[in-house]
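Asks: Residue numbers (our numbering), protein chains in the order written: chain A, 805 to 1272; chain B, 582 to 827. Quick one: the structure is below, questions incoming.
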């Protein structure tokens, strides 16, 4: 398998850049009103409380200004975003029943094979509805719930009502308020006390329909002592119309539980990816973020961990690759609320052909978090002199008994290293790709093999400049 | 008539507008061992790097031929694939890439053939054992945290695995203890045959003791000023470069 990992040059970008003609059965008009929000809710047969939350979010959205910091979002015209596109299909649990054109899209992305090989279940999102969902029998027999959010609202109403957008309230910022008003699709996972899943759960998000936004909601509860790895993968085809992704992820990690949340995002280069992810970690619980940002025109993404219980732990491992025309603003946030909590942030970014990669982090240690530990390391690699890389770490330390470290390194790819590898027969492109792969190796080794392979492919494609 | 491998004709090269090579001439045939000596700053490393196509130097005049083909404009990887090799004085560290993965990719690029994992691993192990390198080096990142001696051994390991027609060894012996020099010298000896050639750039000459040296070139001010047989080495060791440059 090592062979696959290193031979990465011959992958065809066409694998990611295909789309079907628009066959959706239902589409809202452009722009956002209370009527549309009510319509979305009615289509989903939602309980009244959910409609109320949507309408409250819409109110917050309307009165909240655009963010005053971060990358420019001027290209975003909210009236142009079609907020809801529903495919011509109902939920399917058998692959054979999924309509041909949708199946074709997923097959080209390798979903069924991936599932057969190593994954526990697939919740694949096509436009805004989940069309394919399958959990292996052993999971359900252990009491694990893995379903789409719409089903969860109906079948696990109490849990959803208690937790939905409580960790990330709509007041947080404009795009999460928008999300609260129009959310559609996403995953719900519930892992009961003491259950440890050896194989990862995977969801695959994909946008298809010009002008459509995607607002999937992910809600995961890992009960006391339980353990799960959730993988969120995103790949979208290329469009000319501006696209917006404003998803929301809420993770509840209970006492002594461990959740690993992995993402590789490869949105097409016209996408604005304004995503909000947050975890609440209780006593001796652990959240592990693995985050790869490759695609999109603009990204703002800072997974955050609230370490609420004593001994709670957070690790963040992130990789960002900004090519031509991309402004990727990524990082992590940690709030230490309890004694002996610990956090590490390890981030690597690559910028090329004028791309901008910004690392932004915020670590807060409150007075009651005695004995807290936090360390952050961020490294940036610039492939040429046109590209940009910035580091904006913020630390707010209010406890005298905290152990804090921060390290930042920014460098350019070394001509001497490229020459060295070329004298061993590697072409300039191969040499650079090898150096970059080595640079991201600390991240790649955290990923399941399939994802590490995909990440290496993406890096090679980015270096060839054939994406976007 | 022995086969000509490298032919350097009137090579002039500069870096940042500063002229370093001033009409260097060098002819190397298959089956020969050449030694390149000279005071610091004479241009020995520059000659090696320019012959290998280092893009940081600009070639102002002259040509370089390999097996009769003009390679003056060729990129380093194209030269490598023709069978040229340079053992670096200070090899670069490449984090995140293991010695084994790197060498396998290099061998594949070098030969243009698919290199199968298991046979390759076996060969690599054997070459490492010959050099007295612990098998664990294969899974370490390329040159990262290697001592000076380990880096040099790793260069010779690459030579042994890639099996070039022409190997230029730039001060591969400097900074090494006696045992390491002996090991490396033996490895060079094993590599050497009638089809290939070796150029050794050195100050110390202990590395040469067991090697059949055919020519010794003395370099000064960016050109080769004197070429003799191996007997001159002793004189240089005793009386310094001035005695032969006079």
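Don't be surprised by glycine CBs; every beta carbon is placed ideally from N, CA and C.
Against chain A, does residue 583 of chain B count as a neighbour if the rule is that its beta carbon must be under 8 Å from one of theirs?
Replies: Here residue 583 of chain B corresponds to residue number 2 of the second chain, with the count starting at 1. So, not an interface residue.
Asks: According to DSSP, simplified to helix, strand and coil, what is residue 1197 of chain A?
Replies: Locating residue 1197 of chain A in the first chain gives position 393, counting from the first residue. Residue 1197 of chain A falls in the strand class under three-state DSSP.
Asks: Could you check how far apart the C-beta atoms of residue 826 of chain B and residue 806 of chain B are, in whole angstroms? I think they sit under 8 Å.
Replies: Residue mapping note: residue 826 of chain B aligns to position 245 of the second chain, counting from 1. Residue mapping note: residue 806 of chain B aligns to position 225 of the second chain, counting from 1. Contact flag correct, Cβ pair sits at about 6 Å.
Asks: For my contact list, residue 668 of chain B and residue 748 of chain B are in at a C-beta cut-off of 8 Å; report their separation, rounded to the angstrom.
Replies: Residue mapping note: residue 668 of chain B aligns to position 87 of the second chain, counting from 1. Residue mapping note: residue 748 of chain B aligns to position 167 of the second chain, counting from 1. Confirmed, Cβ separation roughly 7 Å.
Asks: Under DSSP, the beta strand (DSSP E) around residue 873 of chain A begins and ends at which residues?
Replies: By one-based count along the first chain, residue 873 of chain A stands at place 69. Element bounds for residue 873 of chain A: n/a, residue is neither H nor E.
Asks: Using a Cβ cut-off of 8 Å, pull out every chain A residue sitting near residue 686 of chain B, in sequence order please.
Replies: Reading the second chain from its first residue, position 105 is the one you call residue 686 of chain B. 810, 1230, 1234 and 1238, listed in chain order.
Asks: In this structure, does DSSP put residue 1148 of chain A in helix, strand or coil?
Replies: As a first step, residue 1148 of chain A must be located in the first chain, where it is residue number 344. In the structure shown, residue 1148 of chain A sits in a strand (DSSP, three-state: E or B).
Asks: Chain B partners of residue 1245 of chain A, CB-CB under 7 Å?
Replies: On the first chain, residue 1245 of chain A is found 441 positions in, with the first residue counted as 1. By Cβ distance, chain B contributes 677.
Asks: Given that a residue counts as buried once 16 or more other Cβ atoms are within 10 Å of its Cβ, and exposed if not, what is residue 987 of chain A?
Replies: Taking the first chain and counting its residues from 1, the one referred to as residue 987 of chain A is at position 183. Answer is buried; the Cβ neighbour count reaches 16.
Asks: On the DSSP bridge list, what partners appear for residue 1132 of chain A?
Replies: As a working note, residue 1132 of chain A is residue 328 in the first chain. Per DSSP, A:1103 and A:1161.
Asks: Using a Cβ-Cβ cut-off of 8 Å (strictly less than) and excluding sequence neighbours within five positions of residue 977 of chain A, which residues of its own chain qualify?
Replies: For the purposes of this step, residue 977 of chain A is identified with residue 173 of the first chain, where counting begins at 1. In chain order, 868, 871 and 1080 place their CB closer than 8 Å to the CB of residue 977 of chain A, counting only its own chain and leaving out the 5 sequence neighbours on each side.
Asks: Do you know offhand how far residue 643 of chain B's Cα is from residue 740 of chain B's?
Replies: Taking the second chain and counting its residues from 1, one reaches residue 643 of chain B at position 62. Taking the second chain and counting its residues from 1, one reaches residue 740 of chain B at position 159. Spanning the two alpha carbons is a distance of roughly 28 Å.
Asks: Measure the C-alpha to C-alpha separation of residue 1250 of chain A and residue 709 of chain B and round it to an integer number of angstroms.
Replies: Within the first chain, the letter at position 446 stands for residue 1250 of chain A. Within the second chain, the letter at position 128 stands for residue 709 of chain B. Cα to Cα, residue 1250 of chain A sits roughly 29 Å from residue 709 of chain B.
Asks: Are the CB atoms of residue 1134 of chain A and residue 1122 of chain A nearer to each other than 8 Å?
Replies: Within the first chain, the letter at position 330 stands for residue 1134 of chain A. Within the first chain, the letter at position 318 stands for residue 1122 of chain A. Taking C-beta atoms as the reference points, residue 1134 of chain A and residue 1122 of chain A count as a pair closer than 8 Å.
Asks: Return the first residue and the last residue of the alpha helix (DSSP H) that residue 742 of chain B is part of.
Replies: Taking the first residue of the second chain as 1, we reach residue 742 of chain B at position 161. From DSSP, the alpha helix (DSSP H) with residue 742 of chain B extends over 729-743.
Asks: Could you check the C-alpha separation between residue 806 of chain A and residue 1253 of chain A for me, to the nearest Å?
Replies: As a working note, residue 806 of chain A is residue 2 in the first chain. As a working note, residue 1253 of chain A is residue 449 in the first chain. Unreliable positioning characterises residue 806 of chain A in this predicted model, as indicated by a pLDDT of 35, which lies under 50. A coordinate reading is not provided.
Asks: Taking a contact to mean a Cβ-Cβ separation below 8 Å, would you say residue 1110 of chain A touches residue 1141 of chain A in this structure?
Replies: In the first chain, residue 1110 of chain A corresponds to position 306, counting from 1. In the first chain, residue 1141 of chain A corresponds to position 337, counting from 1. Yes, they are a contact pair.
Asks: Between the segment 677-689 of chain B and the segment 762-772 of chain B, do at least 3 Cβ pairs fall closer than 8 Å?
Replies: no
Asks: Indicate whether at least one CB of chain B lies closer than 8 Å to the CB of residue 1242 of chain A.
Replies: Here residue 1242 of chain A refers to the residue found at position 438 of the first chain. So yes, residue 1242 of chain A belongs to the interface.
Asks: What is the DSSP secondary structure of residue 1083 of chain A, counted as helix, strand or coil?
Replies: Numbered from 1 along the first chain, position 279 holds the residue referred to as residue 1083 of chain A. Three-state DSSP puts residue 1083 of chain A in a strand.
Asks: Along chain B, in chain order, which residues have C-beta atoms closer than 8 Å to that of residue 1219 of chain A?
Replies: Position 415 of the first chain, counted from the first residue, corresponds to residue 1219 of chain A. Near residue 1219 of chain A (Cβ distances below 8 Å), the residues of chain B are 636 and 637.
Asks: Looking at chain B, is there any beta carbon in it that lies within less than 8 Å of the beta carbon of residue 1187 of chain A?
Replies: Position 383 of the first chain, counted from the first residue, corresponds to residue 1187 of chain A. No, because no Cβ of chain B sits closer than 8 Å to the Cβ of residue 1187 of chain A.
Asks: Say whether chain B places a C-beta atom closer than 8 Å to the C-beta of residue 1260 of chain A.
Replies: The residue you call residue 1260 of chain A lines up with position 456 of the first chain. No, its Cβ sits nowhere closer than 8 Å to a Cβ of chain B.
Asks: Looking only at C-alpha atoms, which of A:879, A:954, A:1152 and A:990 sits nearest to residue 1018 of chain A?
Replies: The sequence position of residue 1018 of chain A within the first chain is 214, counting from 1. The shortest Cα separation from residue 1018 of chain A among A:879, A:954, A:1152 and A:990 belongs to A:990.
Asks: Give the DSSP bridge partners of residue 1063 of chain A, in chain order.
Replies: Working through the first chain from its first residue, we reach residue 1063 of chain A at position 259. When beta bridges are read from the DSSP output, residue 1063 of chain A appears opposite A:1032 and A:1091.
Asks: Residue 625 of chain B touches chain A at which residues, Cβ-Cβ below 7 Å?
Replies: By 1-based counting over the second chain, the position of residue 625 of chain B is 44. Ordered by position in chain A, no residue passes the 7 Å Cβ test against residue 625 of chain B, which lies about 17 Å from the chain.
Asks: Count the other C-beta atoms from every protein chain shown that fall within 10 angstroms of the C-beta of residue 778 of chain B, then say buried if there are 16 or more, exposed otherwise.
Replies: Start at 1 with the first residue of the second chain, and residue 778 of chain B comes out as number 197. Buried, since its Cβ has 16 or more Cβ neighbours within 10 Å.
Asks: Excluding the 5 residues flanking residue 811 of chain B on each side, which residues of the same chain have their C-beta closer than 7 Å to its C-beta?
Replies: Locating residue 811 of chain B in the second chain gives position 230, where the first residue counts as 1. The residues are 794 and 797.
Asks: Once the 5 residues before and after residue 818 of chain B are set aside, which same chain residues still bring their CB inside 7 Å of it?
Replies: If you number the second chain from 1, residue 818 of chain B lands on position 237. Excluding residues within five positions, the ones whose Cβ falls inside 7 Å are 786.
Asks: Would DSSP call residue 808 of chain B helix, strand or coil?
Replies: Residue mapping note: residue 808 of chain B aligns to position 227 of the second chain, counting from 1. Residue 808 of chain B: strand per DSSP, three-state reduction.
Asks: Should residue 1098 of chain A be flagged as near chain B, meaning a C-beta pair shorter than 8 Å?
Replies: Reading the first chain from its first residue, position 294 is the one you call residue 1098 of chain A. Interface flag for residue 1098 of chain A against chain B is unset, since no Cβ pair is found closer than 8 Å.
Asks: Do residue 690 of chain B and residue 1230 of chain A have their beta-carbon atoms positioned less than 8 Å apart in this structure?
Replies: The residue labelled residue 1230 of chain A in the question sits at position 426 within the first chain. The residue labelled residue 690 of chain B in the question sits at position 109 within the second chain. Yes; because the gap between Cβ atoms is below 8 Å, this pair is in contact.
Asks: Which residue or residues does DSSP assign as beta-bridge partners of residue 1076 of chain A?
Replies: Position 272 of the first chain, counted from the start, is the residue given in the question as residue 1076 of chain A. According to DSSP, which records beta bridges pairwise, residue 1076 of chain A is partnered with A:1048 and A:1102.
Asks: If you run the structure through DSSP and keep just helix, strand and coil, what is residue 854 of chain A?
Replies: Walking along the first chain from the start, residue 854 of chain A turns up at place 50. It is helical.
Asks: Please confirm if residue 1224 of chain A has its CB atom under 8 Å from at least one CB of chain B.
Replies: To locate residue 1224 of chain A, count along the first chain from 1; it is residue 420. Taking Cβ atoms only, chain B reaches closer than 8 Å to residue 1224 of chain A, which makes this a yes.
Asks: Taking the alpha carbon of residue 837 of chain A as the reference point, which residue from A:861, A:1236 and A:874 has its own alpha carbon closest?
Replies: Against the first chain, residue 837 of chain A aligns to sequence position 33. Looking at the Cα atoms, A:861 is the closest of the given residues.
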